[in-house]
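Student: Structure incoming, see below.
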Ligand code: DGJ
């Protein structure tokens with residue numbers, strides 16, 4: 045039997061070819077050495093009324109081979125694979141299988157990440173026929189887990205309520221999360237964890253599905269991939285998106301954060317001001333400049349003009365596609381903003397087009413629509429088919445022009461509607477060209493930071509986060525809603541990717557007000573931005589804001605690079621020289637000092653020094669911080685805090 049053990053940082057994954065050479069199966073996955081001993085996955089009983097493959101811990105199966113308990117690959121007709129070869133080269137294990145009747149070659153690819161506990165898996169399917177083959181279903185990977193009653197954790201929601209962390213126990217049957225929006229979507233993030241031990245995250249920026257099923261054999265099988273169909277031409281090879289598999293001996297979020305850090309380029313993360321919530325579509329340049337000047341005085345480092353700066357964009361019915369500034373003074377305005385010491389950033393929505401735009405008049409055939417039918421409008425706009433080479437050229441050259449004509453160092457790439465009216469392949473070409481544009485930006489405009497956004501958090505998959513510098517998790521900036529959104533987000537992604545603004549908005553789902561300090565500390569949990577109408581802030585508010593921005597700059601490296609512990613209404617960031625704790629009070633008050641009572645406590649985790657001292661000189665032992673906790677004396681106005689501890 046051929047068997048391979050792939051080693052990640054502290055874990056390993058062992059895969060073998062079953063004796064008949066029909067499939068690959070999982071033997072062990074866990075901390076180093078877990079493969080020494082009998083497989084926890086092997087079927088020890090007789091098989092009745094199903095095939096042997098249906099009961100096996102199979103790694104990848106076409107329909108035909110695994111007819112009853114679910115397949116990863118479906119073509120026009122059933123398929124059975126036979127093992128051909130296995131080899132490790134350049135850090136990738138490739139297990140090649142062939143179906144000589146269906147004339148397909150299927151290669152299972154595994155790339156263990158040596159520095160983190162992540163194994164990346166994908167599949168390459170080669171069409172050996174002399175005609176095209178349509179893959180109705182094309183999963184990236186399947187993995188069996190030795191649990192009969194899994195507790196699944198997932199992130200769900202809707203627009204303005206993304207990343208709601210939830211759990212479900214599955215005694216039997218199946219569970220499915222997916223998106224057919226053409227982007228990962230607001231409803232579910234392409235991420236799942238099982239028993240807080242095993243996790244998957246799909247690097248695909250289009251439509252997708254992840255399923256989990258308790259199989260009759262007693263294993264739980266998780267499967268993930270993009271949504272098909274996909275057409276493979278003769279002699280061509282289709283490469284699926286990567287599925288990242290994580291194993292955690294403690295927090296899975298720490299594994300995902302480490303992986304995010306590995307996938308991100310080192311980039312500055314300036315404190316930004318974004319004018320969207322303050323001015324909406326009314327982008328009046330003198331008013332914008334006034335906001336920029338106030339922001340600069342507060343200590344902001346980058347000024348971003350959001351939607352509304354281009355011709356015909358007075359509301360959401362026009363302008364998209366015609367990416368020319370409305371004002372002839374725009375170039376001078378950019379320079380004036382820069383003269384305040386701020387970098388300049390711009391909002392774009394390159395894939396969208398308004399029906400009354402010049403672009404649509406000239407290129408109606410660039411849009412997803414069907415002959416003889418009215419196109420579906422969402423937010424009064426249509427979507428360009430970025431999969432077309434001419435649309436890719438248009439988008440790339442438009443961004444090149446904007447970035448060359450103006451000294452822009454930040455782009456917010458938005459996308460405010462899902463794809464409809466698609467035919468043939470769903471979104472394969474669109475997604476690949478979206479990635480190509482992002483790569484182009486990195487290569488040709490490396491100084492430009494990119495913020496990923498799709499009507500809030502509609503496009504925050506692992507592929508996007510690997511190619512942008514920051515993502516906008518939600519349009520909901522209301523304090524208590526945002527706290528929940530960020531809590532969910534940080535289970536999937538690291539803080540250096542999480543854009544967050546301090547705003548004046550009362551809130552979409554929970555309008556309960558919170559202090560300015562609360563809103564600041566919340567936005568400091570990731571990449572701090574200000575979205576409020578700072579022109580309306582009092583002198584006292586501006587002074588408080590300036591102090592908090594300065595404080596954020598002091599802790600920014602720990603927030604972005606430290607090890608994170610999600611402690612409910614607090615987040616702990618640990619670096620070698622400091623432990624930073626951000627905490628928020630969302631519960632009731634004790635009444636202290638009016639009545640007797642004790643401080644609220646936040647218990648820290650995994651401290652490495654024996655004792656710590658805070659900025660007031662208070663010394664704590666690690667035992668105290670771990671078992672008793674950091675004290676907070678909350679009042680109605682003191683509802684959030686930043687604590688910095690240094691090893692004593
Ligand atoms: C949706 C984004 O999430 C918002 O931040 C803002 O950029 C608007 N689009 C602008 O139309």
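In this note's numbering, the protein residues as written are 45 to 692. Ideal Cβ positions, reconstructed from N, Cα and C, are used throughout, including at glycine.
Using only alpha-carbon positions, find the residue among 170, 171, 496 and 155 that is nearest to residue 164.
Tutor: Cα-wise, what sits closest to residue 164 is 155.
Student: Indicate the three-state DSSP secondary structure (helix, strand or coil) for residue 591 in the structure shown.
Tutor: Of the three classes helix, strand and coil, the one that applies to residue 591 here is helix, per DSSP.
Student: Between the Cα of residue 413 and those of 401, 464 and 226, spot the shortest distance and give me the residue it belongs to.
Tutor: Closest option to residue 413, Cα to Cα, is 464.
Student: According to the neighbour-count rule (16 or more other Cβ atoms, all chains shown, within 10 Å of its Cβ), is residue 375 buried or exposed?
Tutor: Exposed, by the Cβ-count rule.
Student: Could you please give the first and the last residue of the uninterrupted beta strand (DSSP E) stretch that includes residue 456?
Tutor: Looking at the DSSP string, the run of the beta strand (DSSP E) that includes residue 456 is 454 to 457.
Student: Using the C-alpha atoms, what's the distance from residue 363 back to residue 399?
Tutor: Cα-Cα distance, rounded: 9 Å.
Student: Ligand 1 heavy atoms versus the CB of residue 320: any closer than 6 Å?
Tutor: Because some heavy atom of ligand 1 lies under 6 Å away, the Cβ of residue 320 counts as near it: yes.
Student: Which residues in the same chain have their Cβ closer than 7 Å to the Cβ of residue 314, if we skip the five residues on either side of it in sequence?
Tutor: Taken in chain order, the residues that qualify are 345, 346 and 387.
Student: With DSSP as the reference, label residue 297 as helix, strand or coil.
Tutor: Here residue 297 sits in helix by DSSP.
Student: Would you call the segment 599 to 609 in contact with the segment 563 to 572, where contact means no fewer than 3 C-beta pairs closer than 8 Å?
Tutor: At 8 Å Cβ cutoff, the stretches touch.
Student: Could you check where the alpha helix (DSSP H) with residue 536 kicks off and where it finishes?
Tutor: Element bounds for residue 536: 523 to 536.
Student: By the three-class DSSP mapping on this structure, what secondary structure does residue 439 have?
Tutor: It is helical.
Student: Which two residues bound the contiguous alpha helix (DSSP H) that contains residue 330?
Tutor: 329 to 342 is the extent of the alpha helix (DSSP H) around residue 330.
Student: Should residue 460 be counted as a contact of ligand 1 given a C-beta to heavy atom distance under 6 Å?
Tutor: Residue 460: yes, Cβ under 6 Å from ligand 1.
Student: Ignore the nearest five residues each way along the sequence and tell me which others in residue 479's own chain have a CB closer than 8 Å to its CB.
Tutor: Once the five neighbours on either side are set aside, the close Cβ partners of residue 479 are 249, 507 and 511.
Student: Which value, in whole angstroms, describes the spacing of the CA atoms of residue 437 and residue 587?
Tutor: Going from the Cα of residue 437 to the Cα of residue 587 covers about 47 Å.
Student: Is residue 501 near ligand 1 - that is, is its Cβ less than 6 Å away from at least one heavy atom of it?
Tutor: Answer for residue 501: no, Cβ out of range of ligand 1.
Student: Are the segment 198 to 207 and the segment 259 to 274 in contact at 8 Å, needing three or more beta carbon pairs?
Tutor: No contact exists between the segment 198 to 207 and the segment 259 to 274.
Student: Within 6 Å: the Cβ of residue 519 and any heavy atom of ligand 1?
Tutor: Yes, the beta carbon of residue 519 sits closer than 6 Å to at least one heavy atom of ligand 1.
Student: Would you be able to state if there are at least three C-beta pairs under 8 Å between the segment 442 to 456 and the segment 234 to 245?
Tutor: Because the criterion of three Cβ pairs below 8 Å is not met, the segment 234 to 245 and the segment 442 to 456 do not touch.
Student: Is any non-hydrogen atom of ligand 1 found closer than 6 Å to the C-beta of residue 366, if you look at the structure I gave you?
Tutor: For ligand 1, not one heavy atom lies less than 6 Å from the Cβ of residue 366.
Student: Please work out which residues of its chain come closer than 7 Å, Cβ to Cβ, to residue 212, disregarding the five sequence neighbours upstream and downstream, and give them in chain order.
Tutor: Taken in chain order, the residues that qualify are 196 and 219.
Student: When the Cα of residue 193 is compared with those of 70, 256 and 407, which residue comes out closest?
Tutor: Ranking the options by Cα distance to residue 193, first place goes to 256.
Student: Check each candidate in 692, 652, 683 and 684 and name the one with the smallest Cα separation from residue 659.
Tutor: Closest option to residue 659, Cα to Cα, is 692.
Student: If residue 505 sits next to residue 246, beta carbons under 8 Å apart, how far is it from one beta carbon to the other, in whole angstroms?
Tutor: Between residue 246 and residue 505 the Cβ distance is about 6 Å, and since that is below 8 Å, they are a contact.
Student: If you draw a straight line from the C-alpha of residue 285 to the C-alpha of residue 471, how long is it?
Tutor: Straight-line Cα distance between these residues: approximately 12 Å.
Student: In terms of residue numbering, what span does the beta strand (DSSP E) encompassing residue 208 cover?
Tutor: That run of the beta strand (DSSP E) goes 208 to 213.
Student: Give me the residue from 141, 272 and 77 with the minimum Cα distance to residue 62.
Tutor: It is 141 whose Cα lies nearest to the Cα of residue 62.
Student: In three-state terms, what does DSSP make of residue 599?
Tutor: Here residue 599 sits in helix by DSSP.
Student: Starting from the C-beta of residue 635, find all residues in its chain whose C-beta is less than 8 Å away, skip the five residues before and the five after it, and write them out in chain order.
Tutor: Counting only Cβ-Cβ distances below 8 Å, and skipping sequence neighbours, we find 641.
Student: Kindly indicate which three-state DSSP category residue 405 falls into: helix, strand or coil?
Tutor: Helix, per DSSP.
Student: Just to confirm, does residue 188 get its C-beta within under 6 Å of one of the non-hydrogen atoms of ligand 1?
Tutor: No, since every heavy atom of ligand 1 falls outside the 6 Å radius drawn around the Cβ of residue 188.
Student: Note down, one range per segment and in chain order, each alpha helix (DSSP H) of at least 4 residues found wholly within the segment 621 to 649.
Tutor: Complete alpha helix (DSSP H) runs here, min 4: none at all.
Student: With DSSP as the reference, identify every bridge partner of residue 584, one or two as the case may be.
Tutor: For residue 584, which the question treats as bridged, DSSP gives no partner whatsoever.
Student: What does the Cβ neighbour count give for residue 175, buried or exposed, with the cut at 16 atoms within 10 Å?
Tutor: Result: exposed.
Student: For residue 170 and residue 186, what's the separation of their Cα atoms in angstroms?
Tutor: For residue 170 and residue 186, the distance between alpha carbons rounds to 19 Å.
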